[in-house]
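In what follows, a single structure is set out as structure tokens and then discussed.
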Amino acid sequence: MGEQMTEVYLNGKFVGDVENSSSFVKNIIDERRKGKLTSNLNVFHDEKNNEVLLESSKGRVRRPLIVVKEGKALLTEKHVEQLEKNEIGWSDLIQHGIIEFLDASEEENALVSFNEEELTPEHTHLELSPLDIMGLATSLVPYGNFNQSTRLNAGSKNQKQALGFYAANFAVRMDMDVNLLNTPQMPIVQSIIHEISDYHKHPSGQNVVIAIMSYEGYNMEDAIIINKSSIERGMGRSTYYRPALAEELRYSGGLIDEVSIPDKDVRGYKSEKDYRYLEGDGIIYPEAKVNEGDVVIGKTSPPRFLSSLDEYNLTSNTRRESSVSLRHGEKGVVDFVMITENSEGNKLVQVRMRDERIPEIGDKFTSRHGQKGVIGLILPQTDMPFSASGIVPDILFSPHGIPSRMTISHLIEMMAGKMGCLAGRTIDGTTFNSENETEVRKELLSLGFKENGEETMYNGKSGKIFKAKIFIGNMYYLKLKHMVANKIHSRARGPIQLLTRQPTEGRAKEGGLRLGEMEKDTFVAHGTSLLLKERFDSDRTVVPVCESCGFAGFHDHYKNRAFCPVCGENVEINDIEISYAFKLLIDEMKSLCIYPKMILENKY
Amino acid sequence: MDKLFKEYNEKLPANIITSLKEKMPKNISSANVKKIFELTLKEYETSKVEAGECVGLVAAESIGEPSTQMTLNTFHFAGVSEMNITTGLPRIIEILDARKKISTPMMEIYLKPPYSKGKDIKKIAQSIKETTLKDMTKEFLINIAELSIEVVLDPKSTKEFGVTDTVVSKTLQKSIKGYSIRKSGDNKITLKAKGKDVSLNEIYKTKEKIKGVYLKGIKGITQVLPIKRENEFMIITAGTNLKDILKLDKVDQTRTITNDIFEIYNVFGIEAARQSIIGEVYKVIENQGLNVDIRHIMLVADTMSVTGMIRGISRYGVVSGKASVLARASFETPLKHIIEASLTGEIDNLSSVVENVMLNQPVPVGTGLPGLITKVK
Chain A
1 MGEQMTEVYL NGKFVGDVEN SSSFVKNIID ERRKGKLTSN LNVFHDEKNN EVLLESSKGR
61 VRRPLIVVKE GKALLTEKHV EQLEKNEIGW SDLIQHGIIE FLDASEEENA LVSFNEEELT
121 PEHTHLELSP LDIMGLATSL VPYGNFNQST RLNAGSKNQK QALGFYAANF AVRMDMDVNL
181 LNTPQMPIVQ SIIHEISDYH KHPSGQNVVI AIMSYEGYNM EDAIIINKSS IERGMGRSTY
241 YRPALAEELR YSGGLIDEVS IPDKDVRGYK SEKDYRYLEG DGIIYPEAKV NEGDVVIGKT
301 SPPRFLSSLD EYNLTSNTRR ESSVSLRHGE KGVVDFVMIT ENSEGNKLVQ VRMRDERIPE
361 IGDKFTSRHG QKGVIGLILP QTDMPFSASG IVPDILFSPH GIPSRMTISH LIEMMAGKMG
421 CLAGRTIDGT TFNSENETEV RKELLSLGFK ENGEETMYNG KSGKIFKAKI FIGNMYYLKL
481 KHMVANKIHS RARGPIQLLT RQPTEGRAKE GGLRLGEMEK DTFVAHGTSL LLKERFDSDR
541 TVVPVCESCG FAGFHDHYKN RAFCPVCGEN VEINDIEISY AFKLLIDEMK SLCIYPKMIL
601 ENKY
Chain B
1 MDKLFKEYNE KLPANIITSL KEKMPKNISS ANVKKIFELT LKEYETSKVE AGECVGLVAA
61 ESIGEPSTQM TLNTFHFAGV SEMNITTGLP RIIEILDARK KISTPMMEIY LKPPYSKGKD
121 IKKIAQSIKE TTLKDMTKEF LINIAELSIE VVLDPKSTKE FGVTDTVVSK TLQKSIKGYS
181 IRKSGDNKIT LKAKGKDVSL NEIYKTKEKI KGVYLKGIKG ITQVLPIKRE NEFMIITAGT
241 NLKDILKLDK VDQTRTITND IFEIYNVFGI EAARQSIIGE VYKVIENQGL NVDIRHIMLV
301 ADTMSVTGMI RGISRYGVVS GKASVLARAS FETPLKHIIE ASLTGEIDNL SSVVENVMLN
361 QPVPVGTGLP GLITKVK
């Protein structure tokens, strides 16, 4: 018996056997690199199962790698020069077998070197760049190789939520719910990806002076303290855009919505004051300062049920009010008004509101290292600590955020940012390929600062020197899209649901905050029985209950006496306070032909 | 002084009295003793639970909250034969649900001296373990031509278990019908089908069946592990059979236990089962490094065993025993309870918490419990 034959599969189908599998695989790879076989083909030699799997189907994830032969990368300085001169392109490199794409299975046979320096004769491939292991957003984290992976994750996730300059044509766009940072900047500490991705065209943060210190406890638990004067100078200001739209819908019977100032006899007419900003065409004018409840687009709709009842109807005009107005708690300035037609040919009115958002307590900020936090205090510059040279930080960051999270890159960025700021240049902080930290320290020293980035600082309130040296530097800070103005919510009284008479749910509906099952248990456990009752009083109703049949009766206001629909007037009927939800339950049982009889008795 | 002790015997629990006795100074005036007793009694009375205190809910919260922090651990024995035991939340759920079949039944067998000092410990352990034919057989052969099964015993293990081939063939004769069984050589037993038209399938089935023929040991004990705990040798087993284990005279009947609560209930009765529930739950909680007052667990165990039977905290157990229809319906399967109640005409007296929350009435707990009556002039 000779050598065992190896089975070959192409795209999952058996195509034949080969005798010498390794030379077969080698041949295919060579032919592919020569360009004789399609570059889409991948081979996987499964030695364990004695199989060769060829794949050329679509839908596989593949990544480019530099081919290595005898411990030397095929991509040489010459190629790079040619690339720079635009003499050759990416496709040429692939055609010549210098760079090839591997899929997940062929990767199993490859030994990929991370760096060119680490190449050995055993290696088959070389990463294009060590940065290749990370995605776009993650590559934007400077000095990322000094971090724990979870922090890199958090850092890149936070960057996606940062406010910035999302599109240059924002002025003519009608985006829902967008934010623009008013004065975005490029970071001082960058990575090469910032350059590659044209980050200067859509930056999303600002360079700030940050000191790592506590201040009267207002930055504990990840909060940050912000310099009030910095905000007044424009730091972290953004604009929030939200459009309102109204469409003239067509109904059966040739009826149509109408954009106009509603007449006073329209059903559901608000008040004259609410319509005061509307112009003759029923649409608000640009630059109008609107507040909650103000109508932005006036609109009326035809009556809902067009029935025979019309003849008996006394009011001739039964059109309904269906204007678009500002929701509870919203304010802004009308930015842009547009009147068009939609695809069905209906008149479409869009109004974009703008609202300047000045940082306030509770707004969320982050650095690029997963060190997010909300503003805990806005402190006047006069009370902020200052350095010997008179520098006042914009942000005070709590030192407790550092040890457990081990975001060393955060610290290095501060130092590198400080150095870059003083030297007037940007710093390359590309992960795995950054400017050396010790060099940065040296340069900082040569600029007349302590090489560890610490400075003598003074208490802003007393003017006394701090015993400890404070680590202070510059870094890139991002304002995140979560702002309190969009989330703040409270309720004392408000709307209730029609069916259950319980408070509505959710901020948009001005809803209540539910006292849930477990919260209820705490009241019971404390024995505060009457307090618990009071809490659950939101849907209480008084029901007149008939003593003889146990059904709910009703109160006859004409005769001013209670009445039982079953037993009539001459029975004893007593008012009982129960929750409306229970009344509903009883009604539902009745509809199921269950007789839920309420037996009344004196409690004491 | 003895008179005083007798006087307070009824007012104070026994263990307080005994600890008082121990700590009482030698020469002390009887007036001072009386003072001590009075103070103790006062302290004892104030530390009692107030009337109207919602003990059940507090117990539920006190056990429930730490349970959320429990890990789904199984506990491993680093022994020759690896055993693992469900602990953590799954085990607590298992106990409180009063499952009849628990996932890892286990026994802790204490031995009488001299065996507790390590005498014959391995032998005893081996003799307890349930042994089947499979455990001492080298191979099972099926002879298709003769429609027979040949069992080849492993001489090593037969010696270890102390079973001879004659014993094996006798047991087989007792438990397998329709086959002629004979010894066909050293450590070989042949089973030949008696009938002519026996299908091969049937023979195969018999082969599988005789693998499980019980030979020796105690039924239900699948694994044994002799260990040394605090200078004493004992045996931990997987699988339980309390009744049969207690019959062995080498076993210390006073301390040997199982973690199967129903077995304890059947052998020792409800009081022991209650104690076992407390012990088992407390063991899990302690194991997780959590701290729950034992009285909460005792309350749960009490509610599980008041009826004289073990009822789980489930819709078939404790909840089904609730008086209020609304309370039962608000737990699980509401339709079932409402239909039943409407058919039998049940009356809900609104005497407990859940019903009153539903109706928005003050719950009869704490401040909602006492009623005030004023004379109206």
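Protein sequences appear in the order of chains A and B.
At position 260 of the first sequence the residue is numbered 260 (this note's numbering), and the sequence of numbers has no breaks.
At position 271 of the second sequence the residue is numbered 271 (this note's numbering), and the sequence of numbers has no breaks.
C-beta: ideal position from N, C-alpha, C; glycine also.
Remember, predicted model here, so these are calculated numbers, not experimental data.
Residue 209(A) is positioned such that its CB atom lies closer than 7 Å to that of residue 394(A). When Cβ-Cβ separations below 7 Å define contact, residue 529(A) makes contact with chain B. Here residue 368(A) is buried: its Cβ has 16 or more other Cβ atoms, across all protein chains shown, within 10 Å.
Residue 112(A) sits close to residue 125(A), with the two beta carbons spaced by under 7 Å. Residue 151(A) is outside the set of residues whose beta carbon lies under 7 Å from a beta carbon in chain B.
Cβ neighbours of residue 193(A) within its own chain (closer than 6 Å, five residues either side excluded): 139, 140.
Residue nearest to residue 310(B) within the set 278(B), 373(B), 130(B) is 278(B) (criterion: CA-CA distance). Distances from the CA of residue 211(B) to each of 150(B), 261(B), 96(B), 341(B) were compared; the closest alpha carbon is that of 150(B). According to the DSSP assignment, residue 434(A) belongs to no beta strand (DSSP E), since it is labelled neither H nor E. DSSP places residue 331(B) in no beta strand (DSSP E); its state is neither H nor E. If the five residues before and after residue 451(A) are omitted, its C-beta is found closer than 8 Å to the C-beta atoms of 441, 442, 444, 445, all from its own chain and listed in chain order. Residues 374, 375, 484 of the same chain have their beta carbon placed closer than 7 Å to that of residue 362(A), with the five preceding and five following residues left out of the count.
Secondary structure at residue 516(A): coil, using DSSP grouped into helix, strand and coil. Scanning chain B for C-beta atoms nearer than 7 Å to the C-beta of residue 543(A) yields nothing, as the closest lies near 11 Å away. Listed along chain A, no residue sits closer than 9 Å to residue 218(B) by beta-carbon distance, the nearest being about 46 Å off. Listed as beta-bridge partners of residue 98(A) by DSSP are no residues whatsoever.
When the five nearest sequence neighbours on each side are left out, the beta carbons in the same chain lying within less than 6 Å of the beta carbon of residue 211(A) are those of 393, 396, 470, 472, in order along the chain.
At a cut-off of 7 Å between beta carbons, residue 322(A) makes no contact with chain B. Of the candidates 221(A), 571(A), 527(A), 526(A), the residue whose Cα lies closest to the Cα of residue 548(A) is 571(A).
One Cα belongs to residue 158(A), the other to residue 280(B), and the distance between them is close to 47 Å. A residue is called buried when at least 16 other Cβ atoms come within 10 angstroms of its Cβ; residue 229(B) does not meet this threshold and is exposed. Residue 122(B) and residue 83(B) have their C-alpha atoms some 17 Å from each other. Annotation for residue 229(A): 381 place their beta carbon closer than 6 Å to its own, counting only its chain and skipping 5 residues before and after. Looking at the backbone, the Cα of residue 51(A) and that of residue 26(A) are separated by about 14 Å. Those residues of the region 351-370 of chain B placed with their C-beta closer than 8 Å to a C-beta in chain A are 353, 357, 358, 359, 360, 361, 362, 363, 364, 365, 366, 367, 368, 369, ordered along the chain.
Non-local beta-carbon contacts of residue 194(B) in its own chain, meaning distances under 7 Å to residues more than five positions away in sequence, involve 178, 179, 180 in chain order. The three-state reading of DSSP puts residue 274(B) in helix, counting H, G and I together. Counting of Cβ neighbours within 10 angstroms places residue 263(A) among the exposed residues, the total staying below 16. Residue pairing for residue 109(B): DSSP places it in a beta bridge opposite 235(B).
In summary, residue 33(A) is buried, with 16 or more beta-carbon neighbours lying within 10 Å of its beta-carbon over all protein chains present. Interface annotation for the region 192-214 of chain B against chain A: empty, criterion Cβ-Cβ distance under 7 Å. Straight through space, the alpha carbons of residue 231(B) and residue 17(B) are spaced by roughly 33 Å.
With contacts defined as CB atoms closer than 7 Å, residue 295(A) and residue 274(A) qualify as a contacting pair. Scanning its chain for C-beta atoms nearer than 8 Å, with the 5 sequence neighbours on each side dropped, one finds around residue 219(B) the residues 130, 241, 244, in chain order.
Rounded to whole angstroms, the separation of the alpha carbons of residue 409(A) and residue 115(A) is 21 Å. Listed along the chain, the chain A residues whose CB falls inside 9 Å of the CB of residue 147(B) amount to none; the nearest CB is some 38 Å away.
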